[in-house]
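Going line by line, the protein sequences match chains X and H.
Per the working numbering, the first sequence starts with residue 38, numbered consecutively.
Per the working numbering, the second sequence starts with residue 38, numbered consecutively.
In this text, a Cβ means the ideal position worked out from N, Cα and C, and glycines have one as well.
Below is one structure, written out as structure tokens; the observations come after it.
Protein chains: 2
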Amino acid sequence: MKRIHDVLLVQEQSKGEAFIERISSKRPLFVCTIGTTETAKIPGISAAGKYPEFTDYTPSADVELLLLEECRCIPSVPMTPQGIPTPALVTMSALRLANMPVLVANGGCKISPHVPYLDLGGKPGRDIRTGDAVDDAEEVFWRAKVAGENLSKIADCIVIGESIPGGTTTALSVLLSLGIDARGKVSSSMMENPHELKIRTAEAALEVTGLKFGALEKDPMRAVLCMGDPMMPAFAGLVVGAAEKVPMLMAGGTQMCAILAVIKALKPHVLDNVAVGTTRWIVNDQTADLKGIVAQIARVPILAADLDFSQSRFEGLRAYEAGAVKEGVGAGGAAIAAMAKSKGTITKEILLKEIERNYERLVSSK
Amino acid sequence: MKRIHDVLLVQEQSKGEAFIERISSKRPLFVCTIGTTETAKIPGISAAGKYPEFTDYTPSADVELLLLEECRCIPSVPMTPQGIPTPALVTMSALRLANMPVLVANGGCKISPHVPYLDLGGKPGRDIRTGDAVDDAEEVFWRAKVAGENLSKIADCIVIGESIPGGTTTALSVLLSLGIDARGKVSSSMMENPHELKIRTAEAALEVTGLKFGALEKDPMRAVLCMGDPMMPAFAGLVVGAAEKVPMLMAGGTQMCAILAVIKALKPHVLDNVAVGTTRWIVNDQTADLKGIVAQIARVPILAADLDFSQSRFEGLRAYEAGAVKEGVGAGGAAIAAMAKSKGTITKEILLKEIERNYERLVSSK
Numbered sequence: 038m039k040r041i042h043d044v045l046l047v048q049e050q051s052k053g054e055a056f057i058e059r060i061s062s063k064r065p066l067f068v069c070t071i072g073t074t075e076t077a078k079i080p081g082i083s084a085a086g087k088y089p090e091f092t093d094y095t096p097s098a099d100v101e102l103l104l105l106e107e108c109r110c111i112p113s114v115p116m117t118p119q120g121i122p123t124p125a126l127v128t129m130s131a132l133r134l135a136n137m138p139v140l141v142a143n144g145g146c147k148i149s150p151h152v153p154y155l156d157l158g159g160k161p162g163r164d165i166r167t168g169d170a171v172d173d174a175e176e177v178f179w180r181a182k183v184a185g186e187n188l189s190k191i192a193d194c195i196v197i198g199e200s201i202p203g204g205t206t207t208a209l210s211v212l213l214s215l216g217i218d219a220r221g222k223v224s225s226s227m228m229e230n231p232h233e234l235k236i237r238t239a240e241a242a243l244e245v246t247g248l249k250f251g252a253l254e255k256d257p258m259r260a261v262l263c264m265g266d267p268m269m270p271a272f273a274g275l276v277v278g279a280a281e282k283v284p285m286l287m288a289g290g291t292q293m294c295a296i297l298a299v300i301k302a303l304k305p306h307v308l309d310n311v312a313v314g315t316t317r318w319i320v321n322d323q324t325a326d327l328k329g330i331v332a333q334i335a336r337v338p339i340l341a342a343d344l345d346f347s348q349s350r351f352e353g354l355r356a357y358e359a360g361a362v363k364e365g366v367g368a369g370g371a372a373i374a375a376m377a378k379s380k381g382t383i384t385k386e387i388l389l390k391e392i393e394r395n396y397e398r399l400v401s402s403k
Numbered sequence: 038m039k040r041i042h043d044v045l046l047v048q049e050q051s052k053g054e055a056f057i058e059r060i061s062s063k064r065p066l067f068v069c070t071i072g073t074t075e076t077a078k079i080p081g082i083s084a085a086g087k088y089p090e091f092t093d094y095t096p097s098a099d100v101e102l103l104l105l106e107e108c109r110c111i112p113s114v115p116m117t118p119q120g121i122p123t124p125a126l127v128t129m130s131a132l133r134l135a136n137m138p139v140l141v142a143n144g145g146c147k148i149s150p151h152v153p154y155l156d157l158g159g160k161p162g163r164d165i166r167t168g169d170a171v172d173d174a175e176e177v178f179w180r181a182k183v184a185g186e187n188l189s190k191i192a193d194c195i196v197i198g199e200s201i202p203g204g205t206t207t208a209l210s211v212l213l214s215l216g217i218d219a220r221g222k223v224s225s226s227m228m229e230n231p232h233e234l235k236i237r238t239a240e241a242a243l244e245v246t247g248l249k250f251g252a253l254e255k256d257p258m259r260a261v262l263c264m265g266d267p268m269m270p271a272f273a274g275l276v277v278g279a280a281e282k283v284p285m286l287m288a289g290g291t292q293m294c295a296i297l298a299v300i301k302a303l304k305p306h307v308l309d310n311v312a313v314g315t316t317r318w319i320v321n322d323q324t325a326d327l328k329g330i331v332a333q334i335a336r337v338p339i340l341a342a343d344l345d346f347s348q349s350r351f352e353g354l355r356a357y358e359a360g361a362v363k364e365g366v367g368a369g370g371a372a373i374a375a376m377a378k379s380k381g382t383i384t385k386e387i388l389l390k391e392i393e394r395n396y397e398r399l400v401s402s403k
């Protein structure tokens with residue numbers, strides 16, 4: 038696969054190359070959009086917390102890590118039940134190396150982060166099986182758009198990631214309602230991707246609202262409202278507000294597809310200034326199909342940071358190679374941006390060393 | 038008085054000249070820090086609202102105007118009882134002309150703005166006569182500092198203003214507790230400056246806490262906590278966080294003195310990268326003494342936008358010449374930044390035309 042620096046050009050290669058060129062040596066801003074949803078507490082859906090209630094803390098702990106290099110709302114860093122640490126560790130390491138600023142955008146969290154964050158007037162999300170998942174999606178989208186317009190006047194480019202446990206399930210249901218066939222194609226942070234459970238949950242959301250596959254193709258905000266999550270309107274609004282002016286790297290895995298589909302239905306032309314940035318682990322995920330979903334939506338480039346933890350001295354990092362975690366908190370996009378900003382001086386080896394240094398300090402010493 | 042473009046060099050002229058040089062043709066960010074305090078509801082203290090309860094809405098309405106060019110939380114724009122409009126009208130006009138981005142930093146407001154804002158974990162302030170005016174001042178300061186550090190990585194310079202009714206009275210009490218003689222020297226947005234009432238209120242705050250003039254010289258956070266307002270820790274934290282790296286134009290009148298004194302006690306060296314930016318109306322205010330207070334604190338330059346509304350076709354604007362309003366919402370600093378960013382292409386005449394255009398749309402048509 039063609040590459041620039043340690044970035045793989047996965048799909049729409051020439052557009053991807055041009056995108057990397059546009060963000061090279063520039064002054065990027067990293068935005069992390071967060072939210073919580075009760076959907077994450079359905080047993081078996083999410084690996085983001087050892088106990089379902091932990092998922093309320095994960096997004097806030099993740100962004101605390103990005104801003105402070107330690108968490109405040111929990112005593113350690115977020116981990117899977119197997120002790121594999123949050124991808125925020127990768128993001129934080131990339132941001133540190135490249136000296137990139139961070140802004141947190143809160144779409145609606147049960148536990149607010151103990152750091153400064155952009156309030157967008159949102160509330161935590163409900164279980165999508167209620168068919169009434171997100172409050173005030175239009176308002177949050179609109180406020181995020183206003184924020185995006187303003188941020189695009191000072192940042193040269195924006196890398197935007199997310200942290201919301203349960204996010205691939207809400208993404209699946211939104212994609213189905215918008216007519217995108219994503220059954221069995223969304224990723225999971227667990228090694229065993231619980232497709233059946235996700236599909237059952239998404240279909241329950243469609244059923245309770247009386248909606249069929251594709252029924253909301255022209256009404257993406259209703260899709261978010263009924264069966265999305267509070268991260269989505271914040272994320273989509275920021276992209277729509279800023280991408281008119283600056284390149285936006287949408288940093289994430291298959292959750293990005295739901296955002297792309299929402300944007301396409303609202304403001305398709307801004308997608309010309311957008312790329313998806315993810316990790317090699319997502320692209321190689323045999324249990325999912327990022328490329329297949331994106332191709333159904335728009336011809337946006339997919340870039341992947343060629344991260345490789347197979348030789349790491351820490352078992353908790355080698356687990357990424359076996360299919361744990363894979364992506365999240367904009368890890369892949371942050372790595373890509375660090376490589377592009379430094380014109381390749383930050384390599385995947387240098388990044389791994391920094392990640393291991395932080396792993397040692399934050400995880401293995403606990 | 039020496040000038041550059043339409044900016045008057047009021048104090049520390051050579052430093053002021055160098056400061057304008059440093060921000061010329063640069064990419065500034067405008068930050069508006071807001072808060073509310075029950076102190077504003079003491080009858081006669083503030084002109085920010087027709088009725089005391091209106092002061093809860095003023096800061097939010099002001100920042101809505103900056104971001105949207107209209108208010109959302111109230112049907113019109115904030116005005117004095119005489120119908121003279123908020124200085125946010127001046128700020129908004131300067132920001133529009135210079136295409137400057139805006140970020141709202143919320144230190145603690147009773148009514149939150151209906152636009153995106155940076156939440157710093159603060160709460161609305163109490164009457165300073167309780168001696169327990171501000172909750173969590175340390176935490177808000179610290180969060181604002183983290184935000185300032187991040188913002189300084191993307192903005193070339195930051196212009197930071199405030200909107201908080203009652204702010205000169207809380208400033209007076211903080212200044213007294215820090216040992217700065219500001220009795221009879223703080224400005225007022227009213228033509229008749231109610232010095233006696235302000236001094237009585239500030240002294241009541243000192244009395245209830247058992248503190249004497251200068252008692253908190255070494256403990257500025259306690260001064261804010263006991264007799265300040267929630268805008269102060271947010272404002273001071275942003276300056277301390279960002280001024281290590283980028284020039285900060287502190288946009289306001291005599292309220293800036295309290296912030297300067299707090300910063301001086303915490304991190305004096307950052308004041309080398311700071312200037313105070315205000316209006317000609319503040320500098321010429323015969324009922325106050327900005328220069329005299331600043332000179333007691335630090336050798337920071339004072340710049341003043343040479344705004345002149347005497348020839349305006351609107352009575353509500355000509356009233357500024359008679360001593361109404363004078364400053365607020367960073368009006369003077371925004372005007373200075375617009376002039377510097379445009380290398381003087383934006384003159385005071387051009388600015389007045391834009392202000393009149395907006396006045397006509399927002400005020401006279403109502």
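CB contact flag (residue i, residue j, <7 Å)
i                : j                 : result
valine 44(H)     : isoleucine 334(H) : no
histidine 151(H) : arginine 109(H)   : yes
glycine 135(X)   : serine 379(X)     : The residue asked about is misnamed: residue 135(X) is alanine in this sequence, not glycine. For alanine 135(X) and serine 379(X), yes; Cβs fall inside 7 Å.
valine 362(H)    : serine 226(H)     : yes
valine 183(H)    : threonine 205(H)  : no
glycine 162(H)   : proline 267(H)    : yes
glycine 265(H)   : valine 337(H)     : no
Exposure of residue i, with buried meaning 16 or more beta-carbon neighbours within 10 Å
i                : result
lysine 403(H)    : The predicted position of lysine 403(H) is uncertain, since its pLDDT is 49 and thus under 50; a value taken from the coordinates is nonetheless stated next. So lysine 403(H) counts as exposed.
glutamate 244(H) : exposed
histidine 42(X)  : buried
alanine 341(H)   : buried
glutamate 38(H)  : For the record, residue 38(H) in the displayed sequence is methionine; it is not glutamate. Exposed.
tyrosine 396(X)  : buried
glutamate 229(X) : exposed
leucine 297(X)   : buried
proline 80(H)    : exposed
proline 118(X)   : exposed
Within chain X, partners of residue i - CB distance below 9 Å
i               : result
arginine 109(H) : Ordered by position in chain X, no residue passes the 9 Å Cβ test against arginine 109(H), which lies about 10 Å from the chain.
proline 267(H)  : None at all; the shortest Cβ gap to chain X is about 14 Å.
Contacts of residue i in chain H (Cβ-Cβ under 9 Å)
i              : result
leucine 188(X) : Pro138, Leu140, Ile191
leucine 132(X) : Going along chain H, no residue has its Cβ under 9 Å from leucine 132(X), so there is no contact; the nearest lies around 10 Å.
Extent of the continuous alpha helix (DSSP H) to which residue i belongs
i                 : result
histidine 294(X)  : Sequence check: residue 294(X) is cysteine here, not histidine. 292-303 is the extent of the alpha helix (DSSP H) around cysteine 294(X).
proline 257(H)    : 257-264
aspartate 322(H)  : Taken as a continuous stretch (DSSP letters only), aspartate 322(H) belongs to no alpha helix (DSSP H), as it is neither H nor E.
valine 366(H)     : No alpha helix (DSSP H) holds valine 366(H); DSSP gives it neither H nor E.
methionine 5(X)   : Residue 5(X) cannot be examined here, being either before or after the span of chain X that is shown, 38 to 403.
leucine 213(H)    : 204-214
isoleucine 387(X) : 385-396
N- and C-terminal bounds of the beta strand (DSSP E) containing residue i
i              : result
leucine 45(X)  : 44-48
valine 196(H)  : 194-200
leucine 248(X) : No beta strand (DSSP E) holds leucine 248(X); DSSP gives it neither H nor E.
proline 65(H)  : 65-72
valine 311(H)  : 311-316
Among the options, the one whose alpha carbon lies nearest that of residue i
i                : options                                    : result
valine 177(X)    : Ala131(X), Gly216(X), Ser149(X), Val261(X) : Val261(X)
leucine 126(H)   : Trp318(H), Lys249(H), Val366(H)            : Val366(H)
aspartate 93(H)  : Ile111(H), Leu105(H), Leu102(H)            : Ile111(H)
isoleucine 82(X) : Cys146(X), Asp164(X), Thr70(X), Leu286(X)  : Asp164(X)
cysteine 194(H)  : Ile57(H), Thr205(H), Ser149(H), Phe351(H)  : Ile57(H)
arginine 317(X)  : Met268(X), Ala359(X), Gly247(X)            : Ala359(X)
alanine 273(H)   : Pro257(H), Ile191(H), Ile300(H)            : Ile300(H)
Proximal residues of chain H, C-beta to C-beta of residue i below 8 Å
i               : result
tyrosine 154(X) : Leu155, Asp156
leucine 104(X)  : Val183, Asn187
Under 8 Å by beta carbon: chain X residues contacting residue i
i              : result
leucine 286(H) : Simply none; closest approach about 15 Å.
Listed by chain order, chain H residues near residue i by CB distance under 7 Å
i               : result
arginine 180(X) : Val152, Pro153
valine 366(X)   : Simply none; closest approach about 16 Å.
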